[in-house]
Amino acid sequence: FCLSRGLGDVYKRQGINAEYGDAPRPAMSLPTTYRKLICTKLSSDFRDVTKIVTVPFRSLGPEELLIKIYYAGVNASDINFTAGHYLPGVVPPFDTGFEGSGTVVSFGSNVKGFKIGDPVAFTGHGSFGEYIVLPAKLLIRIPSLSPDFIPVMVSGLTASLALYEVGELGKKPGETVLVTAAAGATGTFAVQLAKIAGCHVIGTCRSDKKAEFLKQLGVDRTINYVKEDLSKVLETEYPRGIDIVYESVGGSTFDICLSNLARKGRLIIIGSISGYKDQSFWKSQNESGSTSAILLKKSASIRGFFLNHFKDKSLDHAAKLFDLIQQKNLSSCVDPKVFLGLESVADAIDYLYKGENVGKVVVHIAQQSKL
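Our numbering puts the sequence shown at residues 1111 to 1481.
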């Protein structure tokens, strides 16, 4: 379930011919309505506050495209979005889902570089729906319609941007990098990028199955925290400390990572999944004296990362990720469990929060044999 084959020509807009040629395809007939999953009130209980509604198509603007969605990615932050944390002042109802892939079925008069039937991947609110309207700048041409391209759009970009732009990965060779929840969607990218940068990589996980998977990705030291004490392992085996921590769990895991930073170490917070469901992560917390003391004594730092703040660099990083995959130096990993239709989105989110996934959780919104 890891894609490491050549991706062909991803960026048609950069003047590269697509594998499937430039011949125009016939226009597709569209239904008058479509279904989508909306949030009806603010809460982290995704299942309780979302419902499927049927809505009519709206007219496209001159710069917009209509995409039929076949695959949508699931993220831990989907429940933060329904809780209203990412759009201050947002009032329900609103669309849900951050990323997906599908085909172009219609476009505005000023759109260039796309044609009917083109497979595309995208980021944009509303991927939990049968169709979505987006501007061309949010779309990336992909060589084929496959769920394997979904992980790059949010999980891959998060890892690349956070590690390189915030964590300063690669500036000093041979550093030690710790990735928590390493077998998850963004963790699988983080461990591989750190290895490509020449680092010693530690990855935490919750099962022997995941530990074995991480070893296949090149992780030097896997820590199954159900069987091993994370704090003792780090203190015993890495007394010098950790140079870069890619942290997405929060709670006691964050505290352990903080205590085991090396001098001038960088702890990148890309999330805190342990505090999402109960919303504890979002409650106001005063900076503790102990945290300040640890950072001061080691000249270390805690650095936050939010993907939307790096939109100006996303396209360059996406191109680099696709290049690495094309060169078979990076794998894009999709969890093998299949979720079918909009009705299964809440089940997919529950599955992710049970910690059972290895790689990206993807919902199959539609079958490819149908429009």
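C-beta: ideal position from N, C-alpha, C; glycine also.
Helix, strand or coil at residue i [DSSP, three-state]
i     : result
A1372 : strand
T1447 : The displayed chain sequence assigns Lys, not Thr, to residue 1447. Three-state result, K1447: coil.
L1249 : strand
D1155 : coil
G1360 : coil
G1118 : With a pLDDT of 34 at G1118, under the threshold of 50, the modelled position of this residue cannot be trusted; read the value that follows with caution. Coil at G1118, not helix or strand.
I1226 : coil
T1401 : helix
A1321 : helix
F1232 : strand
S1390 : helix
S1442 : strand
G1385 : helix
I1366 : helix
L1377 : strand
L1147 : strand
L1244 : strand
Option nearest residue i by Cα separation, candidates the options
i     : options                       : result
I1306 : I1189, V1287 and D1318        : V1287
V1301 : K1319, L1273, I1189 and P1283 : L1273
Y1463 : S1154, K1325 and K1374        : S1154
S1362 : R1350, G1375, D1339 and R1376 : D1339
G1218 : V1230, D1228 and P1245        : P1245
L1371 : L1324, P1349 and I1459        : P1349
D1330 : K1342, V1444, V1311 and L1147 : V1311
G1239 : S1382, K1281, Y1181 and K1320 : Y1181
E1483 : E1357, Y1356 and L1368        : Because the chain spans 1111 through 1481 in this model, residue 1483 falls outside it and cannot be assessed.
S1424 : K1282, S1411 and S1270        : S1270
P1172 : K1438, V1221 and V1184        : V1221
G1266 : I1475, G1469 and G1194        : G1469
P1226 : P1261, I1177 and E1209        : The residue you asked about is not Pro; residue 1226 is Ile in the sequence shown. Ranking P1261, I1177 and E1209 by Cα distance to I1226 puts I1177 first.
L1170 : P1203, Y1241, G1297 and T1160 : Y1241
V1243 : P1283, H1195, P1166 and N1190 : P1166
Burial state of residue i (16 or more Cβ within 10 Å)
i     : result
H1419 : exposed
S1187 : buried
R1135 : Because the pLDDT of R1135 is 44, which lies under 50, any placement of that residue in the model is unreliable, and the number read from its coordinates should be weighed accordingly. Answer is exposed; the Cβ neighbour count stays below 16.
R1251 : buried
L1197 : exposed
A1403 : exposed
V1201 : exposed
D1422 : exposed
V1336 : exposed
G1236 : buried
T1233 : buried
A1441 : Per the sequence shown, residue 1441 should be read as Ser rather than Ala. S1441 is buried by the Cβ-count criterion.
P1446 : exposed
G1381 : buried
R1168 : exposed
D1508 : The requested residue 1508 is not part of the displayed model; the chain covers only 1111 to 1481.
K1281 : exposed
Where the alpha helix (DSSP H) containing residue i begins and where it ends
i     : result
S1424 : K1421 to Q1436
I1189 : D1188 to T1192
Y1461 : V1455 to Y1463
K1305 : A1295 to I1306
Residue i, enclosing beta strand (DSSP E) - first and last residue
i     : result
I1312 : H1310 to C1315
V1473 : V1472 to H1474
L1178 : With the sequence shown as reference, residue 1178 is identified as Lys, and Leu is not the correct amino acid for it. Where K1178 is concerned, the enclosing beta strand (DSSP E) stretches over E1174 to G1183.
G1414 : S1411 to G1414
P1166 : T1160 to P1166
E1209 : E1209 to F1217
V1287 : T1286 to V1289
Exercise for the section: Please specify which runs of the alpha helix (DSSP H), each continuous and at least 4 residues long, are wholly inside the segment 1326 to 1352, giving them in chain order. Expected result: 1340 to 1347
Exercise for the section: Write down every uninterrupted run of the alpha helix (DSSP H) in the segment 1258 to 1284 whose length is 4 residues or greater and which is fully enclosed by it, in chain order. Expected result: 1267 to 1271
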